[in-house]
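As you go down the protein sequences, you meet chains E, C, A and R in turn. First residue of the first sequence? That's 6 in my numbering, and the numbers climb one at a time after it. First residue of the second sequence? That's 6 in my numbering, and the numbers climb one at a time after it. First residue of the third sequence? That's 6 in my numbering, and the numbers climb one at a time after it. First residue of the fourth sequence? That's 6 in my numbering, and the numbers climb one at a time after it. Backbone N, C-alpha and C fix where the C-beta goes; we use that ideal spot for every residue, glycine too. Below is one structure, written out as structure tokens; the observations come after it.
There are 4 protein chains.
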Amino acid sequence: MEKQIKSAILLVHCADRKGLIASVTEFIYRSNGNIIRLDQHVDSKKHIFFMRAEWDLNNTSVPAEELGVHFQTEIAEKFGMQWKLYFSDESPRIAVFVSKLSHCLYDILSRYQAREWNVEIPLIISNHPNLEPVAKGFGIDYYIFPITKTNKRSQEQKQLALLKEYNIESIVLARYMQIMTNKFVENYPNQIINIHHSFLPAFPGAQPYHSAHERGVKIIGATSHYVTSELDAGPIIEQDIVNISHKDTVMDLIRKGRDLEKVVLARAIWFHLKRKVLVHDNRTIVFE
Amino acid sequence: MEKQIKSAILLVHCADRKGLIASVTEFIYRSNGNIIRLDQHVDSKKHIFFMRAEWDLNNTSVPAEELGVHFQTEIAEKFGMQWKLYFSDESPRIAVFVSKLSHCLYDILSRYQAREWNVEIPLIISNHPNLEPVAKGFGIDYYIFPITKTNKRSQEQKQLALLKEYNIESIVLARYMQIMTNKFVENYPNQIINIHHSFLPAFPGAQPYHSAHERGVKIIGATSHYVTSELDAGPIIEQDIVNISHKDTVMDLIRKGRDLEKVVLARAIWFHLKRKVLVHDNRTIVFE
Amino acid sequence: MEKQIKSAILLVHCADRKGLIASVTEFIYRSNGNIIRLDQHVDSKKHIFFMRAEWDLNNTSVPAEELGVHFQTEIAEKFGMQWKLYFSDESPRIAVFVSKLSHCLYDILSRYQAREWNVEIPLIISNHPNLEPVAKGFGIDYYIFPITKTNKRSQEQKQLALLKEYNIESIVLARYMQIMTNKFVENYPNQIINIHHSFLPAFPGAQPYHSAHERGVKIIGATSHYVTSELDAGPIIEQDIVNISHKDTVMDLIRKGRDLEKVVLARAIWFHLKRKVLVHDNRTIVFE
Amino acid sequence: MEKQIKSAILLVHCADRKGLIASVTEFIYRSNGNIIRLDQHVDSKKHIFFMRAEWDLNNTSVPAEELGVHFQTEIAEKFGMQWKLYFSDESPRIAVFVSKLSHCLYDILSRYQAREWNVEIPLIISNHPNLEPVAKGFGIDYYIFPITKTNKRSQEQKQLALLKEYNIESIVLARYMQIMTNKFVENYPNQIINIHHSFLPAFPGAQPYHSAHERGVKIIGATSHYVTSELDAGPIIEQDIVNISHKDTVMDLIRKGRDLEKVVLARAIWFHLKRKVLVHDNRTIVFE
């Protein structure tokens with residue numbers, strides 16, 4: 006487990022102009038905060054400013070719970086900033102959605118149990134009963150919502166109720182083989198992380214490893230992205246690849262791809278949990 | 006330059022059946038050949054057998070120039086094999102096609118001049134005059150064929166005549182920005198090597214770096230493939246990638262991509278020159 | 006799980022000479038075997054021939070249990086070959102050794118439970134009690150042998166007895182933090198697979214991530230190798246790397262390295278289980 | 006060639022304390038500068054603060070030539086900062102040192118001629134005459150200083166005089182096969198960029214590809230670093246790797262390595278020219 010000092014994490018974006026960094030860092034300095042890390046990015050085509058600042062709250066003069074109010078009135082209003090403020094001692098609560106494939110789920114739960122991540126995972130949701138024993142082995146509640154052509158919306162309503170009951174902030178689709186409706190997705194904007202088993206935008210949709218084999222590519226990939234209303238077209242958080250050759254059958258691609266999916270999804274989750282991701286215009290800024 | 010022993014290189018494919026490797030290797034053994042390297046592949050879905058064998062011709066009992074006839078009558082006919090026979094002391098003659106960008110051309114010519122490859126490059130063809138000084142610097146003939154909407158076929162006829170005159174076996178498109186007609190391409194089946202500046206099948210066609218930036222991918226790629234009648238859809242020989250981030254502008258992608266294009270194209274050319282590539286059903290077998 | 010046809014896998018090495026491949030493939034052909042895959046390598050400096058052949062045993066004329074005897078008398082004796090013969094329907098039995106870190110163990114056991122590999126894992130041995138709950142969760146026997154300065158040899162004797170009792174063929178050291186004595190190691194030549202958390206030969210021994218951070222490298226690695234009498238100097242089976250930067254603390258290297266260790270170890274185990282690895286002169290031939 | 010706006014680039018380091026970013030960015034804001042990019046790093050173990058800021062000088066209220074004086078008196082003195090100020094419209098002047106191998110030289114000169122970099126290369130120095138034709142082909146002065154056991158110091162004196170005459174800021178060793186004396190090196194602290202053909206700290210010194218082959222590694226690397234008094238032990242700027250296998254001979258490693266050396270050296274030069282590298286305690290901070 007990582008050592009924790011209590012820090013504040015501020016994510017900001019607004020129209021670019023002069024003096025933005027000076028104003029925000031001056032705000033932090035006035036509260037006696039010591040900046041641990043500052044990342045900044047300007048989209049020079051669209052003239053938008055993005056920033057992530059993390060500072061040590063030890064010995065600061067403003068109570069953590071009042072920081073947001075101060076920032077809004079003293080800085081954000083002036084510059085028309087959109088912002089979020091997080092604290093490192095809060096553990097985000099996430100739910101994992103799965104179908105029948107276990108590799109991503111095992112990978113996530115073993116990290117959770119080994120406390121690699123600062124997270125709570127109280128809930129697993131599936132459309133199949135297959136992985137219930139895995140969930141039970143890790144002591145996590147597992148709910149089954151079979152999906153048919155006619156019941157998707159009603160099942161999603163129940164899922165949403167459950168997510169609310171469990172106080173879930175973000176959702177991870179760990180090879181969940183159902184397409185969620187827009188009605189569902191809009192409840193969790195940029196908070197649903199999916200893993201797609203191809204190098205998007207190549208091979209969206211079903212059976213990408215079969216398509217990759219058919220096309221004869223020499224590299225396959227995996228892509229983790231936020232879910233939006235358009236299938237496999239949301240903002241990309243992380244991608245990685247593995248080399249293949251003519252010797253690899255579709256089964257080999259599936260085997261090699263599994264390892265890729267696990268690590269690409271895990272990295273995306275880590276960035277998300279660490280509040281390192283901003284989203285704008287269907288693209289991510291990831292302050293690694 | 007690589008040390009050269011005189012060796013024979015045999016490329017074979019045919020319907021799969023028992024005894025193929027035994028028959029071919031027995032043939033080599035009978036001529037007193039010592040196998041330096043043997044690679045074999047069975048497409049288990051389509052039941053096709055592929056093989057590349059390279060053997061030392063030192064002390065063999067059959068003259069090199071008679072090997073093909075013997076192989077045809079003693080082995081190939083029996084199994085219905087398609088085959089090609091090459092000798093390591095022959096230097097393939099290639100032509101390079103370019104437009105205005107110099108990075109791939111410089112890379113190829115500096116390898117040529119340093120004798121990294123066993124190749125002759127007597128001819129560079131372009132639709133622009135810009136790179137003539139580079140060609141001259143390396144002492145290579147440079148011909149300019151401006152292409153307009155109306156003259157493409159007639160210019161291609163002249164190019165073909167020139168290629169014949171120079172006794173060219175294979176063509177390298179080193180960022181040549183013209184789409185060749187099918188009429189041209191069918192003269193050089195699986196002998197025209199192109200470099201496309203994306204991770205195909207993602208971003209075919211024009212301006213892939215702009216598209217990659219727009220989509221917000223975290224990795225860009227380059228793909229070298231044989232040219233076929235369908236644009237950017239020929240058999241892939243080699244691919245590679247480089248990581249990018251939100252910090253990279255389109256100009257950065259172009260800069261990072263240049264280095265990728267050079268090395269991916271160079272590897273594909275090397276495989277091709279070393280007779281390591283077989284093509285079947287729009288896919289390559291590359292015996293690296 | 007992979008589809009299984011019953012196949013034979015033959016690993017061979019001997020002094021190089023003409024006719025070796027012809028003889029072995031002729032032997033397979035005579036028994037009516039269809040070669041699925043043949044890989045061959047000649048060490049041209051030391052003049053040693055290596056080969057792996059896998060063939061379908063369906064409809065073969067020689068019973069599987071007699072193949073070895075035939076091969077020895079008909080082929081191997083003549084050429085002075087060293088060889089091993091395996092069958093795809095046998096499941097190798099392996100034991101996993103661990104200390105306190107769980108990530109590699111979870112990765113191995115989740116693959117085992119999902120039947121990614123054709124293997125039996127009946128036994129986990131540790132010098133600490135920490136991971137016993139993990140073993141229990143997967144229903145695998147867990148034995149604790151605390152190691153002190155004075156008891157190592159006697160504990161190893163008990164471990165060896167246990168390994169024999171469980172009929173263990175190969176051992177995986179999944180971040181096992183004890184150096185085994187030569188006496189132990191010589192019982193399992195090229196059958197003990199270790200994962201070292203550096204890019205060997207850089208940073209052997211203890212705390213490689215600390216050393217890598219101190220040196221300021223831009224890439225870290227992991228290495229899986231067979232254990233020999235010399236620490237971290239055995240034949241390398243597999244290596245991989247991940248990029249790092251000045252931003253990464255030692256804790257970040259440990260975090261990034263964990264993911265690398267898991268996948269590098271898993272690939273090495275897979276090659277080993279698939280009988281794709283030959284060892285000679287402290288180097289591996291891996292027929293991927 | 007990259008589009009150029011005139012910008013200032015400030016590199017800073019000092020003991021970490023609160024308010025540093027606020028002070029520097031306030032300084033830039035006061036001169037009416039618009040920050041294009043700001044990167045910052047805190048070495049949390051040694052409590053040192055590093056920063057690179059780049060801002061648009063268009064419409065700023067302080068003349069560029071006075072910026073340094075203002076920064077020193079208004080900011081740097083107060084915080085005990087060490088700093089450097091560069092302007093994007095200045096072209097650094099570099100000299101390239103070579104021996105007999107041409108691949109890195111060709112790569113550098115073709116980038117130079119294609120104006121990939123903002124640089125002047127007026128001078129090539131070698132201990133051999135071999136690459137003089139390459140230099141001439143690109144119209145660059147080439148001086149030969151043969152090095153023997155007894156004349157190294159006197160030849161270095163002449164080289165230093167020449168470097169001074171040509172007003173050289175930084176030196177690139179493009180596979181220059183001579184070890185420079187400390188006397189020479191101390192004239193160009195963190196301004197001599199070398200490319201070493203291994204994954205340092207593995208295989209320092211001579212013939213790393215032979216050593217890598219002998220050890221049986223599965224990956225080879227290249228490392229670009231600043232030259233210091235200790236051989237191959239200076240601050241690492243950039244590293245990259247390529248996969249190899251048992252099939253690769255030493256000649257294959259040399260061939261694959263060449264491509265790696267070119268691109269790793271080119272990336273290091275680019276970071277250096279873009280003023281993206283800070284050095285502290287034999288480690289680099291590279292603000293990519």
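CA-CA distance, residue i and residue j?
i: LEU16/C; j: GLU293/A; result: 21 Å
i: GLU7/A; j: ASP237/R; result: In this prediction, GLU7/A has a pLDDT of 45, which is less than 50 and means its spatial position is unreliable; what the coordinates show is noted afterwards. Rounded to whole angstroms, GLU7/A to ASP237/R spans 47 Å at the Cα level.
i: ILE149/E; j: LEU168/A; result: 41 Å
i: SER28/A; j: GLU121/C; result: 36 Å
i: GLY5/R; j: ILE274/C; result: Outside the shown range of chain R (6 to 293) lies residue 5/R, about which nothing can therefore be said.
i: PHE276/R; j: ARG22/E; result: 27 Å
i: HIS46/R; j: ASP44/E; result: 9 Å
i: ILE242/R; j: SER250/A; result: 10 Å
i: ASP48/E; j: GLN87/R; result: 30 Å
i: VAL247/C; j: ILE99/A; result: 38 Å
i: ASP112/C; j: GLN118/R; result: 13 Å
i: ILE129/E; j: SER175/C; result: 57 Å
i: ARG280/E; j: LYS141/E; result: 29 Å
i: LYS163/C; j: ILE126/R; result: 41 Å
i: SER229/A; j: SER115/A; result: 19 Å
i: TYR34/C; j: THR155/R; result: 57 Å
i: THR1/A; j: ARG263/A; result: The structure shown does not extend to residue 1/A, since chain A spans only 6 to 293, so no value can be given for it.
i: SER104/C; j: THR254/C; result: 24 Å
i: PRO134/C; j: LEU90/C; result: 38 Å
i: ARG272/C; j: MET182/C; result: 21 Å
Closest by CA to residue i, which one among the options?
i: THR289/E; options: PRO240/E, ASP253/E, ALA273/E; result: PRO240/E
i: GLY85/R; options: TYR231/R, LYS157/R, PHE54/R; result: PHE54/R
i: ILE259/C; options: ILE33/C, VAL291/C, LEU25/C, HIS218/C; result: HIS218/C
i: LYS267/A; options: LEU278/A, ASN199/A, VAL291/A; result: ASN199/A
i: LEU178/E; options: SER115/E, SER131/E, GLU235/E, GLU59/E; result: SER131/E
i: LYS223/C; options: LYS252/C, GLN244/C, VAL232/C; result: LYS252/C
i: HIS285/R; options: TYR231/R, ASP245/R, ALA227/R; result: TYR231/R
i: THR30/A; options: VAL67/A, LYS261/A, TRP60/A; result: TRP60/A
Would you grab the beta carbon distance between residue i and residue j for me? Rounded to a whole angstrom, and I think it's under 8 Å.
i: ILE225/C; j: PHE204/C; result: 7 Å
i: SER107/A; j: LEU136/A; result: 6 Å
i: PRO206/C; j: ARG220/E; result: 6 Å
i: LEU72/C; j: ALA13/C; result: 6 Å
i: LYS26/R; j: ILE40/E; result: Reading off the sequence, residue 26/R comes out as Ile, not Lys. Rounded, the Cβ-Cβ distance is 6 Å, consistent with contact.
i: THR78/E; j: GLY38/E; result: With 8 Å as the limit, THR78/E and GLY38/E do not qualify as a contact, their Cβ atoms being about 17 Å apart.
i: LYS11/R; j: PHE92/R; result: 7 Å
i: VAL269/R; j: ASP245/R; result: 5 Å
i: LEU265/A; j: ALA227/A; result: 4 Å
Which residues, in chain order, does the region 202 to 222 of chain R contribute to contact with chain A at a C-beta distance below 7 Å?
Here the close residues are PHE204, PRO206, ALA207, ARG220, GLY221, VAL222.
For the region 179 to 196 of chain A against the region 206 to 218 of chain R, are there 3 or more C-beta pairs whose distance is under 8 Å?
The region 179 to 196 of chain A makes no contact with the region 206 to 218 of chain R: fewer than 3 CB pairs, one atom from each, lie closer than 8 Å.
Contact list for the region 27 to 51 of chain A against chain C, Cβ threshold 9 Å:
Under the 9 Å Cβ criterion, the region 27 to 51 of chain A contributes ALA27, SER28, VAL29, THR30, GLU31, PHE32, ILE33, TYR34, ARG35, ASN37, GLY38, ASN39, ILE40, ILE41, ARG42, LEU43, ASP44, GLN45, HIS46, VAL47, SER49.
Any residues in the region 140 to 152 of chain C with a beta carbon nearer than 7 Å to a beta carbon of chain R? Which ones, in chain order?
Those would be GLY142, in chain order.
Give, in chain order, every residue of the region 248 to 266 of chain E whose Cβ lies closer than 8 Å to some Cβ of chain A.
LYS252, MET256, ARG260, ARG263, ASP264: these are the residues of the region 248 to 266 of chain E whose beta carbon lies less than 8 Å from some beta carbon of chain A, given in chain order.
With 9 Å as the C-beta to C-beta threshold (strictly closer), list the residues of the region 97 to 122 of chain R near chain C in chain order.
Listed by position along the chain: LEU106, SER107, HIS108, LEU110, TYR111, ASP112, LEU114, SER115, ARG116, GLN118, ALA119, GLU121.
To be precise: take each residue of the region 271 to 292 of chain C, compare its Cβ to all Cβ atoms of chain E, and keep it if any distance is under 8 Å. Which residues remain?
Cβ contacts with chain E come from ASN287, ARG288, THR289, ILE290, VAL291.
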